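In full-length UniProt numbering, the protein residues as written are 1 to 953.
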Amino acid sequence: MLKLHQGVKYLSILLEQEKKLGDEIKDLIGVVVHDAGTLIFSLSVNEIKEGFSKETDLVLFHLYKVLKYMMAELAHNYPLTSPHSSFNYPRSNELGCMDFFLKNLKELARCDEANDSIVFLQDRIQRIEKDLEFLRHVLVNIKEQRYQNGKLQAFWSHVMEAAYKAELLIDSTLVSDKCEDSLDAVARDINLLKIEALEIQNGQIQGVNKTSIHIPSQLIATIHNEDLVGLDDKVKSIIDRLRSGSKQLDFVPIVGMPGIGKTTLANKVYVADSVTSHFHVCGWCYVSQMYSMRSLLVQLLCSISSESPEKYHKKDEDDLAKELKQVLLRNRYLLVLDDLWDIEAWNLLVKSLPNDVNGSRILFTSRLQNLSSKFKPNIEPYYLRQLTDEESWTLLQKKLSDEGGCPPTLSEVGSQIAKTCRGLPLTIVLVAGILATTAQDSWEEVAKSLSSTVLDNEYCMKTLELSYYHLPDYLKPCLLYFGAFREDEVIHVRRLLWLWISKGFVQQTEEKSLEEAAYNYLMALINRSLVMVTDQRTTSGAKACQLHDLVHEFCVEKAKEESFLRIIQSWEDPFSLAEPSSHHRVCVQSSWELKTWELVIVFPNLRCLLLFGYDAFDCEEKPSRILLPKLLRVLDLGDWGSGESFPMEVLLLVHLRYLALCGITSITSAIANLSRLETLIIKHPESNIVLPNTIWNIRTLSYLRTIYWKRGFVFAVGNLEVAPDLDHLDTLNLAIDPLSQNLQKLLKKLPSIRRLKCMRDDESIDDESREATRNCDEILVFDCLSQLESLHLIGFQGYGFKFPLNLKKLTLSKNGQPWSEISTIGKLPNLEVLKLHDSSFIGEEWVMREGEFPNLRVLELLWLDIGSWTASSDNFFRLEKLAVHQCRKLEEVPSCLGECETLEMIEVKWCRESVADSVKQIQQEQMDMGNKDLKTIIEDCYDDTPILSKEWV
Numbered sequence: 001m002l003k004l005h006q007g008v009k010y011l012s013i014l015l016e017q018e019k020k021l022g023d024e025i026k027d028l029i030g031v032v033v034h035d036a037g038t039l040i041f042s043l044s045v046n047e048i049k050e051g052f053s054k055e056t057d058l059v060l061f062h063l064y065k066v067l068k069y070m071m072a073e074l075a076h077n078y079p080l081t082s083p084h085s086s087f088n089y090p091r092s093n094e095l096g097c098m099d100f101f102l103k104n105l106k107e108l109a110r111c112d113e114a115n116d117s118i119v120f121l122q123d124r125i126q127r128i129e130k131d132l133e134f135l136r137h138v139l140v141n142i143k144e145q146r147y148q149n150g151k152l153q154a155f156w157s158h159v160m161e162a163a164y165k166a167e168l169l170i171d172s173t174l175v176s177d178k179c180e181d182s183l184d185a186v187a188r189d190i191n192l193l194k195i196e197a198l199e200i201q202n203g204q205i206q207g208v209n210k211t212s213i214h215i216p217s218q219l220i221a222t223i224h225n226e227d228l229v230g231l232d233d234k235v236k237s238i239i240d241r242l243r244s245g246s247k248q249l250d251f252v253p254i255v256g257m258p259g260i261g262k263t264t265l266a267n268k269v270y271v272a273d274s275v276t277s278h279f280h281v282c283g284w285c286y287v288s289q290m291y292s293m294r295s296l297l298v299q300l301l302c303s304i305s306s307e308s309p310e311k312y313h314k315k316d317e318d319d320l321a322k323e324l325k326q327v328l329l330r331n332r333y334l335l336v337l338d339d340l341w342d343i344e345a346w347n348l349l350v351k352s353l354p355n356d357v358n359g360s361r362i363l364f365t366s367r368l369q370n371l372s373s374k375f376k377p378n379i380e381p382y383y384l385r386q387l388t389d390e391e392s393w394t395l396l397q398k399k400l401s402d403e404g405g406c407p408p409t410l411s412e413v414g415s416q417i418a419k420t421c422r423g424l425p426l427t428i429v430l431v432a433g434i435l436a437t438t439a440q441d442s443w444e445e446v447a448k449s450l451s452s453t454v455l456d457n458e459y460c461m462k463t464l465e466l467s468y469y470h471l472p473d474y475l476k477p478c479l480l481y482f483g484a485f486r487e488d489e490v491i492h493v494r495r496l497l498w499l500w501i502s503k504g505f506v507q508q509t510e511e512k513s514l515e516e517a518a519y520n521y522l523m524a525l526i527n528r529s530l531v532m533v534t535d536q537r538t539t540s541g542a543k544a545c546q547l548h549d550l551v552h553e554f555c556v557e558k559a560k561e562e563s564f565l566r567i568i569q570s571w572e573d574p575f576s577l578a579e580p581s582s583h584h585r586v587c588v589q590s591s592w593e594l595k596t597w598e599l600v601i602v603f604p605n606l607r608c609l610l611l612f613g614y615d616a617f618d619c620e621e622k623p624s625r626i627l628l629p630k631l632l633r634v635l636d637l638g639d640w641g642s643g644e645s646f647p648m649e650v651l652l653l654v655h656l657r658y659l660a661l662c663g664i665t666s667i668t669s670a671i672a673n674l675s676r677l678e679t680l681i682i683k684h685p686e687s688n689i690v691l692p693n694t695i696w697n698i699r700t701l702s703y704l705r706t707i708y709w710k711r712g713f714v715f716a717v718g719n720l721e722v723a724p725d726l727d728h729l730d731t732l733n734l735a736i737d738p739l740s741q742n743l744q745k746l747l748k749k750l751p752s753i754r755r756l757k758c759m760r761d762d763e764s765i766d767d768e769s770r771e772a773t774r775n776c777d778e779i780l781v782f783d784c785l786s787q788l789e790s791l792h793l794i795g796f797q798g799y800g801f802k803f804p805l806n807l808k809k810l811t812l813s814k815n816g817q818p819w820s821e822i823s824t825i826g827k828l829p830n831l832e833v834l835k836l837h838d839s840s841f842i843g844e845e846w847v848m849r850e851g852e853f854p855n856l857r858v859l860e861l862l863w864l865d866i867g868s869w870t871a872s873s874d875n876f877f878r879l880e881k882l883a884v885h886q887c888r889k890l891e892e893v894p895s896c897l898g899e900c901e902t903l904e905m906i907e908v909k910w911c912r913e914s915v916a917d918s919v920k921q922i923q924q925e926q927m928d929m930g931n932k933d934l935k936t937i938i939e940d941c942y943d944d945t946p947i948l949s950k951e952w953v
């Protein structure tokens, strides 16, 4: 029965392709249709239920063989043809992109507001969805095999191309483009691919090994003898750690980004006299991401014995393992595992390593920051920093001295080149080699094109390619997306995460929200030393990040190579771009010359557009209207200001998920047309942004944010009872008039809010009304927000507050409460971060009561009139960071901080000298307790209170 079902399924596929087939195949189909119809008609109910007779089974077997022959003929004589042979689709995380498309198709099938243009295509769309799900299953099975099988690779490419075309055509139909015939053509192509997929499933394809990237051994060898600059303290510290401590076998990790000097540092330690004299046996092996047990054993034995690998050629793995164990037995040994990527390599080796409790050590280098903890809990790795500008110049001079030196006349340009290397030793060494073979009058050109020049070097490219290749597929587009930002740009983490989400890079999980999953993606890239953290969150993690210039240039080139992203430096001649219509994502780095009508012509199928370098205030001619490609999902117009009104052309972008505009203060009610919008960001608004009533109809909204802390969104509060909830809204900058009595009604419509910045809408309040609220004693209630984790309240003077118990972070500014009210905050059981800014509390004395702030980790005080601060040690049971800025009357910080076991940092700026003295006393007490790592920052403190104004500071 299964064969009959399979045969009929094949036949239905063939029938759908009949118009494209030759006469011979058509005739054969006619015969098979007749035979199949006769067979099916002849079946009795009993045969279907109880099984076929031998005669029926024989006919069925013959029919099935004929069908398979037809499929083979069809695949051979009628290969997949593309109506757009130049179609170019992104080749990064292709399965993830297909998943995103399939998810959108499912949402489209459930969509209540499906317009007339799509309703009559629903059957076809559902069939495409079903077929692509089948093909995706086949792709998963051949994912590794395709790299070494031309037929499978071609099949993979054809499937992905068909999927991208289907997505493009379906989305085009949603914007009223007539694409029915083209969609039918793609559906036929997908059916042909199903036939090929069934052939692949029924065939016997041999498994193959995963391809790998290898760095040539002669290139690896060169890095052992590099000069070391700025790391002498690390060498001494590592040697001390190797020679001292526990007698048990122990580990010393060296961690850092590619090219930072991990191997060079390890080698300097390895060959140091104090190391070679301390350890009886020293061995070294290069691991990388592709390794074998045999290779590791041979490398270690060769480095220990100075024998050639040929000596061990005929020995099997077990013999090699026994020999290594015998060599190490009863000896104090040091083994270096260079470029370690996972714990598995160690798990292979450890069985061959004795532990004679004599102080043996394992020194390993890795790009992965969290690998150390897998060897031993609480192990402290050595994180390599980038060189300073001075150290970079010193290293470049050392390398140039080996090649003839740097002429004094070129010291200035040489110093600039060293600075441009951004503290990466690998870059400096490679540049020195380039300069040594470059005419001195061309050094300026090297300085201008440094990144591209270095990327031409084989070793550098292999090093970065290795990190990229080793990434999981879902992280590759996330890394390449960094290429869209300008070189050296400091990127706000939340903006980056929202962009990733809008592009479908992030997969939803049951345990985590999309933003939490996206943040884990970022931390994975940081852990792999590919992304640098430039600003920390208050508690832990990244608030802003950046790429090294070299990694950024790699992302730009790789994104171009994989058709993932096109970076356009200048919009001077857009029509000169090669195959412009095929680009899916475009970033215009300098959009001064941009004429928006050109976008529609040059990039009709564009899905993502990011603009930089346009300042509406400096431009003589502001654009009166803009034209945009209708399929856009992500649109960030940068600083391109279209005035205070919402640009009406954006309303045509029904697929839009992420929108960032500049300067607007009002939003049209027609914004509800953007029914898929998730993120709306308004940069530098002149006033609060008034939202229309129709905003409640955009049920997908997750993030409403302004890039200017004094401005927020004003909701229309009429008819709130009948408005739907914004169930997905996670982040909101809200401006509200508390006198309107509508805050409580509004908050109940936002059940999923996690981050809320709420400011008083002073623009709608006159001075008399504002004065009337100073002693109103009204309570603003936020405890209805059960998901709220972060709350920032600004300007609610005269009001009290009721907070949700789940609150983790609270920032208060300009609220003018008496210190007696802070006990309400002190009772919050989950509060970890408290920031009191700019007269949030008034009065000169703060007395912390027993049991308050049980979980507080970060406390920040800024511009407060506090003079006396009293506390006990139980108030700071978990405190890690304290910052006190511009509290000009404060005499000292509580001395009980000296007993706080969790304290990591105290920062004091613009306070009295007595405050600084109390911090120094606390630091001494901490040192006496054994906490030598407490960091104290004391800046601009003074003997007596100067007369300062906030404006002057």
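Every residue, glycine too, gets a C-beta built ideally from N, C-alpha and C.
Remember, predicted model here, so these are calculated numbers, not experimental data.
query: Endpoints, beta strand (DSSP E) assigned at Val586; result: Arg585 to Val588
query: Distance CB(Leu169)-CB(Ser182) smaller than 8 Å; result: yes
query: Gln536 - containing beta strand (DSSP E), residue span; result: Met532 to Gln536
query: Cβ-Cβ separation, Arg566 to His548 (assumed contact under 8 Å), whole Å; result: Not a contact, Cβ separation roughly 22 Å.
query: Those runs of the alpha helix (DSSP H) which lie wholly inside the segment 863 to 929 and span at least 4 residues; result: 913 to 928
query: Residue of Glu925, Gln797 and Gly230 minimising C-alpha distance to Asp838; result: Gln797
query: Three-state secondary structure assigned by DSSP to Ile779; result: strand
query: Buried versus exposed call for Pro425 [16 or more other C-beta atoms within 10 Å across all chains shown]; result: buried
query: Of the residues Ser415, Tyr382, Glu913 and Val650, the one placed nearest Leu627, counting alpha carbons only; result: Val650
query: Outcome for Pro724 when other beta-carbon atoms lying within 10 angstroms are tallied against a minimum of 16; result: exposed
query: Unbroken stretches of the beta strand (DSSP E), 3 residues or longer, contained in the segment 319 to 363; result: 333 to 340
query: Limits of the beta strand (DSSP E) - the one that Pro253 falls within; result: Asp250 to Val255
query: Pair within 8 Å by beta-carbon distance, Ser563 and Gln369; result: no
query: Residues near Lys376 by beta carbon distance below 7 Å, same chain, minus five either side; result: Phe251
query: Neighbourhood of Ser217 by C-beta, 7 Å cutoff - its chain only, sequence neighbours within 5 removed; result: Note that Ser217 scores a pLDDT of 41, beneath 50, so its modelled location is shaky; the value from the coordinates is reported in the next line. Excluding positions up to five away in sequence, the list is empty.
query: Presumed contact (8 Å Cβ cut-off) between Leu525 and Leu475, rounded CB distance; result: 6 Å
query: Cα-Cα separation between Cys887 and Thr538, rounded to whole angstroms; result: 20 Å
query: Three-way DSSP call (helix, strand, coil) for His792 in this model; result: strand
query: One or two residues paired with Leu812 in a DSSP bridge; result: Leu793 and Leu836
query: Stretch-stretch touch, CB-based, cutoff 8 Å, three pairs: the segment 230 to 240 with the segment 258 to 276; result: yes
query: Cβ neighbour criterion (16 or more within 10 Å) applied to Gly930; result: exposed
query: Close-in-space but distant-in-sequence residues of the same chain around Phe853 (CB under 6 Å, 5 per side omitted); result: Gly826 and Asn875
query: Length-filtered (3 minimum) beta strand (DSSP E) runs lying within the segment 468 to 550; result: 532 to 536 and 542 to 546
query: Completely contained alpha helix (DSSP H) runs for the segment 274 to 327, where each covers 4 or more residues; result: 293 to 305
query: Three-way DSSP call (helix, strand, coil) for Thr81 in this model; result: Unreliable positioning characterises Thr81 in this predicted model, as indicated by a pLDDT of 41, which lies under 50. A coordinate reading is not provided.
query: Distance, Gly423 Cα to Asp233 Cα; result: 17 Å
query: First and last residue of the uninterrupted beta strand (DSSP E) at Tyr658; result: Tyr658 to Cys662
query: Cβ-based burial, Met648 [other Cβ within 10 Å; buried from 16]; result: exposed
query: Test item: CB-CB of Ile190 and Asp131 under 8 Å; result: yes
query: Which residues DSSP lists as bridging Ala187, in chain order; result: Ala187 is not bridged to any residue.
query: Cβ distance (whole Å) where Lys374 is taken to contact Ile417 below 8 Å; result: In fact, because the Cβ distance is near 39 Å, the residues do not count as touching under 8 Å.
query: Sub-8 Å separation of Leu242 and Asn355 beta-carbons; result: no
query: Own chain, CB closer than 6 Å to Ser360, minus 5 neighbours either side, in chain order; result: Leu249, Arg332 and Tyr333
query: Every unbroken alpha helix (DSSP H) within the segment 703 to 767, with a cutoff of 4 residues, ordered by chain; result: 743 to 747
query: Rounded separation between Val413 and Pro407 - CA only; result: 10 Å
query: Spatial neighbours of Ser82 in its chain, beta-carbon cut-off 7 Å, leaving aside the 5 residues before and after; result: Residue confidence is low: Ser82 scores 38 on pLDDT, short of 50, so the model does not pin down where it sits. Its coordinate-derived value is still stated next. For Ser82, where only same-chain residues beyond five positions count, the Cβ hits under 7 Å are Glu161.
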